[in-house]
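So the sequence shown is numbered by the working numbering: it starts at 1 and just counts up by one. The C-beta atom is built at its ideal place from N, Cα and C for all residues, glycine as well. Every value quoted in this text rests on a predicted model; they were computed, and no experiment measured them.
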Amino acid sequence: MHGSRPIHYAGLLLAVAIVGSSACNRQVEQAEDVTELQEAGSNVVRAEFTAAGIHIHDTLYANVHEVVWMESRRRSQLATLDLFDVFHDFQFVDQQAESGIRFRHYAVDCSMRQYKAVHYDHGNGVAIADVDNDGLFDIYFLTHVGGNELWRNLGGGQFENITDSSGVALADRISVTASFADTDNDGDADLYVTTIREGNVLFENDGLGSFNAISDQSGLDYHGHSSSAVFFDYDRDGLLDVFLTNIGIYTTDELVPATAIGDGDYFYYEGIDNSFAGHLKPERMEQSILFRNIGGNRFRDVSAEMNLVDTGWTGAASPIDGNSDGWPDLYVLNMQGNDEYYQNDAGKGFIRRSREVFPNTPWGSMGIKVFDYNNDGRMDIFISDMHSDMGKIVPPDREKAKAEPNWPESLLRSDGKSVFGNAFYRATEDGGFEEISDRIGAENFWPWGLSVGDLNADGYEDVFIASSMNYPYRYGVNSVLLNNRGQQFLDSEFILGVEPRRDGRTATPCFQIDGATSKFTGIGGKILEKVCERRSGTIDVWGTLGSRSSVIFDLDDDGDLDIITNDFHSEPMVLVSNLTEQKDIRFLKVRLVGTKSNRDGLGARVTVHTKSGALTKNHDGQSGYLSQSRCDLYFGLGDNESVERVEVTWPTGDTQVVSDGIVSNSLLTVTEE
Numbered sequence: 001m002h003g004s005r006p007i008h009y010a011g012l013l014l015a016v017a018i019v020g021s022s023a024c025n026r027q028v029e030q031a032e033d034v035t036e037l038q039e040a041g042s043n044v045v046r047a048e049f050t051a052a053g054i055h056i057h058d059t060l061y062a063n064v065h066e067v068v069w070m071e072s073r074r075r076s077q078l079a080t081l082d083l084f085d086v087f088h089d090f091q092f093v094d095q096q097a098e099s100g101i102r103f104r105h106y107a108v109d110c111s112m113r114q115y116k117a118v119h120y121d122h123g124n125g126v127a128i129a130d131v132d133n134d135g136l137f138d139i140y141f142l143t144h145v146g147g148n149e150l151w152r153n154l155g156g157g158q159f160e161n162i163t164d165s166s167g168v169a170l171a172d173r174i175s176v177t178a179s180f181a182d183t184d185n186d187g188d189a190d191l192y193v194t195t196i197r198e199g200n201v202l203f204e205n206d207g208l209g210s211f212n213a214i215s216d217q218s219g220l221d222y223h224g225h226s227s228s229a230v231f232f233d234y235d236r237d238g239l240l241d242v243f244l245t246n247i248g249i250y251t252t253d254e255l256v257p258a259t260a261i262g263d264g265d266y267f268y269y270e271g272i273d274n275s276f277a278g279h280l281k282p283e284r285m286e287q288s289i290l291f292r293n294i295g296g297n298r299f300r301d302v303s304a305e306m307n308l309v310d311t312g313w314t315g316a317a318s319p320i321d322g323n324s325d326g327w328p329d330l331y332v333l334n335m336q337g338n339d340e341y342y343q344n345d346a347g348k349g350f351i352r353r354s355r356e357v358f359p360n361t362p363w364g365s366m367g368i369k370v371f372d373y374n375n376d377g378r379m380d381i382f383i384s385d386m387h388s389d390m391g392k393i394v395p396p397d398r399e400k401a402k403a404e405p406n407w408p409e410s411l412l413r414s415d416g417k418s419v420f421g422n423a424f425y426r427a428t429e430d431g432g433f434e435e436i437s438d439r440i441g442a443e444n445f446w447p448w449g450l451s452v453g454d455l456n457a458d459g460y461e462d463v464f465i466a467s468s469m470n471y472p473y474r475y476g477v478n479s480v481l482l483n484n485r486g487q488q489f490l491d492s493e494f495i496l497g498v499e500p501r502r503d504g505r506t507a508t509p510c511f512q513i514d515g516a517t518s519k520f521t522g523i524g525g526k527i528l529e530k531v532c533e534r535r536s537g538t539i540d541v542w543g544t545l546g547s548r549s550s551v552i553f554d555l556d557d558d559g560d561l562d563i564i565t566n567d568f569h570s571e572p573m574v575l576v577s578n579l580t581e582q583k584d585i586r587f588l589k590v591r592l593v594g595t596k597s598n599r600d601g602l603g604a605r606v607t608v609h610t611k612s613g614a615l616t617k618n619h620d621g622q623s624g625y626l627s628q629s630r631c632d633l634y635f636g637l638g639d640n641e642s643v644e645r646v647e648v649t650w651p652t653g654d655t656q657v658v659s660d661g662i663v664s665n666s667l668l669t670v671t672e673e
């Protein structure tokens, strides 16, 4: 960015905490929108920080390049190494520059210079698939402004931009997320992109990485405030259906210019000022939709007839066979209230069993992943809770604790059933679920999406949580949780080199303002007024870095798992692991090819049997917040040098066992018989 007098600004908004005295809570209960809610908490926040010996000015307006607590966090984490029973002597290195990837995410003004508590700041997804069937996984990045980009994997960790030839930029609208899935069972990766109000888009792949938009005839061209699209075969007819999650109405009808890339080149719908309280207003509800695949890449809304009518503020969902009857149920997140659980009635409809199975759920659920964390053969559920952490400002040394928002029920509307923080539901022997997040160390701060993969190839699934806010908040770290043999998760981002970021970066240029002529309104205006105090002329405003979504896969085909992020208003991280350089590992990749089931084999259960035990995964394609990918299953084998057999239970219910021709450190393709 150009201009004089750079201002390296970040902080925690004074107004986001709603805590404290009874008088303050009375004001909160009477507040009609988020602005009033924020004003109600501001004085209490000041008092709390003063009592804690923290100077408000230093906390809110500190230089974003001087994150003084990072070094003490690093030392504290390194001091825990005696707790690790798993291999941790390897590193991730951000090789974004070396990879050739030049994508950069650009945010709309609502989330930057005009900062509002509106759902644009949830960012965008990143998804992978082998779009041209060359055996290498390619990456699709989404952005608000400037168009999405598809990067082709050239091998060896190198990528090239093929957006123009593939036809998937969608630069004429604000995108949110993407899902790769073979919607027509022809063997290639089709693509579904969700957007804000301008219509979702289904792209049919020609098998060579060129895409044709078929939205109008498909029935999937929904216009609204969509988020994730979850492909699964709810009726087990061999065709992938889709559950489209819609958040709620958080924009006005006014089109305004997005100035991140040229004033006047791109437009978006202005966000509603009090979107964070939108769930209190029935007229802003926007129902999520279950679409049934009726063949020929055509889909029909069957929400009502399948009794799956969900009106929560939903950003994501995941299939899970919660009662082990072979039919995929659906866990649906609510980012502003209670989550919902819908049990599949043998493909004939869904039965809502939310509070019966999950009595208490996170109040601000954002990301979800279903996996077997302790190798007992049962699928557990990890849910990240972002919005609860927005309820009270805490210093960095309290980030592992549950949130203490102290919000009134008039705002929560959750009947006292809220968990204020991440939740981890361990599947129990009796078919139920036990919430154990604090017991196993699954809490973190400002979490968005989570991705799961066996980062050290020891046979236990680890977790990467894309985290942190951006302008105008302080820096927050991305979290890496190494699985300590199914006993607990251990904080490892500093141990594995994920934090600090490359070159110690914590901030990026965000926008410019003229301190003398700019006019400020709303919450964002109050922030910029403070920035402009005693300054004039052109001001470069910086904000902190923060990730929103991620995907874990072997991007350079060297046998270990790497991490790709989509960061907010900056370039991604390309975190390449050196595990195979530090240790001889054993692994098995499994690719499913359905014939009677859907071609991708989504909904299959795969168990790899070794001498030391069994490793089980459900093939659901859920690769991280806001994304669904078409990729292989990765099994770290630990100390096992070989695999005895692989057992696949297909969505049809049939079980197939493969015992011949299994070679470790290779890809095993299982075609449905």
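About 27 Å separates the beta carbon of Gln-628 from that of Ala-258, a gap too long to meet the 8 Å contact definition. DSSP, read as helix, strand or coil, puts Pro-396 in helix. By the Cβ criterion, the region 550–558 is not in contact with the region 484–496, since fewer than three pairs of Cβ atoms, one from each stretch, lie closer than 8 Å. Spanning the alpha carbons of Leu-240 and Asn-338 requires a straight line of approximately 27 Å. Under the DSSP definition of a beta bridge, Lys-116 lacks any partner. A straight line joining the alpha-carbon of Glu-198 with that of Thr-616 spans about 40 Å.
Within the region 507–571, the complete beta strand (DSSP E) segments of 3 residues or longer fall at 507–514, 538–544, 547–553, 562–567, listed in chain order. By the Cβ neighbour-count rule, Arg-586 is buried, with 16 or more other Cβ atoms within 10 Å of its own.
Within the DSSP secondary-structure output, Arg-74 pairs in no beta bridge. CA-to-CA, the gap between Glu-529 and Ile-513 works out to about 11 Å. With contact defined as three or more Cβ pairs closer than 8 Å, the region 130–146 and the region 271–282 are not in contact. DSSP links Thr-610 through a beta bridge to Gly-613. DSSP places Gln-622 within a strand segment (E or B) once states are collapsed to three. With a beta-carbon spacing of about 6 Å, Phe-568 and Ala-107 fall inside the 8 Å limit used to define contacts. Between Ser-99 and Gly-157, the CB-CB gap stays under 8 Å. Assignment of alpha helix (DSSP H) within the region 123–195, counting only whole runs of 4 or more residues, yields 163–166 in chain order.
Burial check for Ala-189: the Cβ neighbour count within 10 Å reaches 16 or more, so the residue is buried. Here the region 455–469 makes contact with the region 363–379; the two share three or more CB pairs at distances below 8 Å.
In the DSSP assignment, Arg-197 falls outside any alpha helix (DSSP H) and carries neither an H nor an E.
Here Ile-495 carries a coil assignment [DSSP, helix/strand/coil]. Thr-506 counts as buried, since no fewer than 16 other beta carbons sit within 10 angstroms of its beta carbon. Beta-bridge analysis with DSSP links Phe-243 to Val-230, Leu-290.
Going by C-alpha positions, Gly-377 is about 18 Å away from Asp-329. Setting aside the 5 residues that flank it on each side, Val-168 is surrounded in the same chain by Tyr-140, Asn-148, Leu-150, Leu-191, Val-193, Phe-203, Phe-211, each with a C-beta closer than 8 Å to its C-beta; the list follows chain order.
Around the beta carbon of Gly-476, 16 or more other beta carbons sit within 10 angstroms, so the residue counts as buried.
Here the C-alpha atom of Glu-340 lies approximately 26 Å from the C-alpha atom of Ser-468.
Here the region 382–393 makes contact with the region 432–448; the two share three or more CB pairs at distances below 8 Å. When the five nearest sequence neighbours on each side are left out, the beta carbons in the same chain lying within less than 6 Å of the beta carbon of Gly-638 are those of Asp-458, Gly-459, in order along the chain. For Leu-83, no beta strand (DSSP E) run applies, since DSSP gives it neither H nor E. In this structure, DSSP gives Arg-298 an extended state, which the three-state scheme calls strand. Nearest to Ser-175 by C-alpha distance, out of Met-379, Gly-224, Ser-165, Leu-455, is Gly-224. Annotation: the continuous alpha helix (DSSP H) that includes Gln-217 extends over 215–218. Val-657 places its beta carbon less than 8 Å from that of Glu-647.
Between the alpha carbons of Asp-164 and Asp-182 lies a distance of about 22 Å. Taken in chain order, the complete beta strand (DSSP E) segments of 3 residues or longer contained in the region 414–498 are 423–427, 433–435, 447–453, 462–467, 479–483, 489–491. With distances taken between CA atoms, Val-201 lies nearest to Ala-178 out of Asp-184, Gly-543, Ala-178, Asn-444.
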